[in-house]
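A short worksheet on the structure shown next.
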Amino acid sequence: MKKIEALISAVFGVILLLPIPSNAIPVIDQSQTVNGGGTNNITYVNRLAQTFTVGMSGLFTGIDILAQGLGSDPDITVSIQSLDTNGFPDDSNILGSSTLSGPSLITSSPTDWHFDFLASNIVVNAGDQLALVLSSTDDPWSTGDVSVVFWGPHSSLGDFYTGGGYFATWDQNTGQDCGWCSAGGRDMYFRTYVDQDLSIVSVPEPTTMMLFGIGFAGLLRYKMYHIKEA
Numbered sequence: 001m002k003k004i005e006a007l008i009s010a011v012f013g014v015i016l017l018l019p020i021p022s023n024a025i026p027v028i029d030q031s032q033t034v035n036g037g038g039t040n041n042i043t044y045v046n047r048l049a050q051t052f053t054v055g056m057s058g059l060f061t062g063i064d065i066l067a068q069g070l071g072s073d074p075d076i077t078v079s080i081q082s083l084d085t086n087g088f089p090d091d092s093n094i095l096g097s098s099t100l101s102g103p104s105l106i107t108s109s110p111t112d113w114h115f116d117f118l119a120s121n122i123v124v125n126a127g128d129q130l131a132l133v134l135s136s137t138d139d140p141w142s143t144g145d146v147s148v149v150f151w152g153p154h155s156s157l158g159d160f161y162t163g164g165g166y167f168a169t170w171d172q173n174t175g176q177d178c179g180w181c182s183a184g185g186r187d188m189y190f191r192t193y194v195d196q197d198l199s200i201v202s203v204p205e206p207t208t209m210m211l212f213g214i215g216f217a218g219l220l221r222y223k224m225y226h227i228k229e230a
């Protein structure tokens with residue numbers, strides 16, 4: 001009996017000693033928020049990407065872009081990817097993704113869309129070079145649904161973001177798929193967010209662990225009862 005009580009106490013003791021995750025406090029890391037007024041459409045045949053250089057180490061928590069949805073049910077997905085040896089997004093190495101969709105994206109003017117990456121547990125280090133890649137299943141030619149993404153001024157007016165570049169999979173000059181190619185000497189309107197507190201990465205929730213402890217204690221009491229009955 002005393003051994004069982006000691007075991008129960010030990011289980012709850014371990015639970016109480018487990019670290020409790022702190023609330024995420026993400027801050028803006030990289031950004032280019034000068035709106036040049038130009039746009040590109042994200043469709044099933046055209047993806048866009050902005051490469052960037054991470055400025056602070058921590059947990060990558062989110063992205064903002066300036067966009068506007070048209071039609072009735074647009075969708076857009078942002079993926080975080082590493083870069084290949086040519087400095088283009090590496091489509092074989094996707095670190096995480098986040099999707100927005102539905103009529104709530106349809107607005108009369110461009111707005112900031114936030115994509116949450118907290119659940120992806122992407123740990124970044126200062127100096128990492130990554131890409132935010134925009135994709136969609138929208139077919140505006142048949143449904144009218146499309147997401148319009150805004151970018152900054154042309155490079156002839158200055159380099160407004162020096163840590164990366166803007167790329168597309170559709171060459172607007174040739175009207176053909178180019179794999180990845182430059183999207184015209186400018187940068188996307190974007191912000192990235194990083195939380196430097198890594199204690200929030202992959203830590204079990206206290207409620208989950210407490211329920212586990214209660215269930216384990218109940219199992220021990222059940223076994224103890226049946227041992228006494230025997």
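For the sequence shown, full-length UniProt numbering assigns the number 1 to the initial residue and increments by one for each residue that follows.
Here a beta-carbon is modelled for each residue, glycine too, at the ideal position from N, C-alpha and C.
These numbers come from a predicted model, not from an experiment.
Legend entry - Length-filtered (3 minimum) beta strand (DSSP E) runs lying within the region 143–172: Under the rule that a run must span 3 or more residues, the beta strand (DSSP E) segments found entirely inside the region 143–172 read 146–151 and 166–171.
Inset, instruction - In angstroms with no decimal places, state the Cα-to-Cα distance between serine 142 and glycine 37. - result: Our two residues, serine 142 and glycine 37, have alpha carbons roughly 26 Å apart in a direct line.
Legend entry - Proximity of glycine 152 and tyrosine 189 at Cβ, strictly below 8 Å: In this structure, tyrosine 189 lies closer than 8 Å to glycine 152 by Cβ.
Inset, instruction - Compute the Euclidean distance between the alpha carbons of leucine 78 and threonine 111, then round it to the nearest angstrom. - result: The sequence given here has valine at residue 78, not leucine. So the two alpha carbons sit approximately 16 Å from each other.
Legend entry - First and last residue of the uninterrupted beta strand (DSSP E) at tyrosine 193: From DSSP, the beta strand (DSSP E) with tyrosine 193 extends over 190–195.
Legend entry - Reduced DSSP secondary structure (H/G/I, E/B, other) of alanine 126: Coil at alanine 126, not helix or strand.
Legend entry - Given phenylalanine 150 as reference, the closest of Gly62, Leu66, Val45 and Pro26 once Cα atoms are compared: Distances from the CA of phenylalanine 150 to each of Gly62, Leu66, Val45 and Pro26 were compared; the closest alpha carbon is that of Leu66.
Inset, instruction - Could you check the C-alpha separation between glutamine 129 and aspartate 91 for me, to the nearest Å? - result: Each residue's alpha carbon lies about 14 Å from the other.
Inset, instruction - Throw me the rounded Cβ distance for the serine 136 and serine 147 pair, which I believe falls under 8 Å. - result: The C-beta distance from serine 136 to serine 147 rounds to 6 Å, short enough to meet the 8 Å contact threshold.
Inset, instruction - Assuming glycine 69 and threonine 107 form a contact by the criterion Cβ under 8 Å, report the distance between their Cβ atoms to the nearest whole angstrom. - result: The Cβ separation is near 7 Å, so the contact holds.
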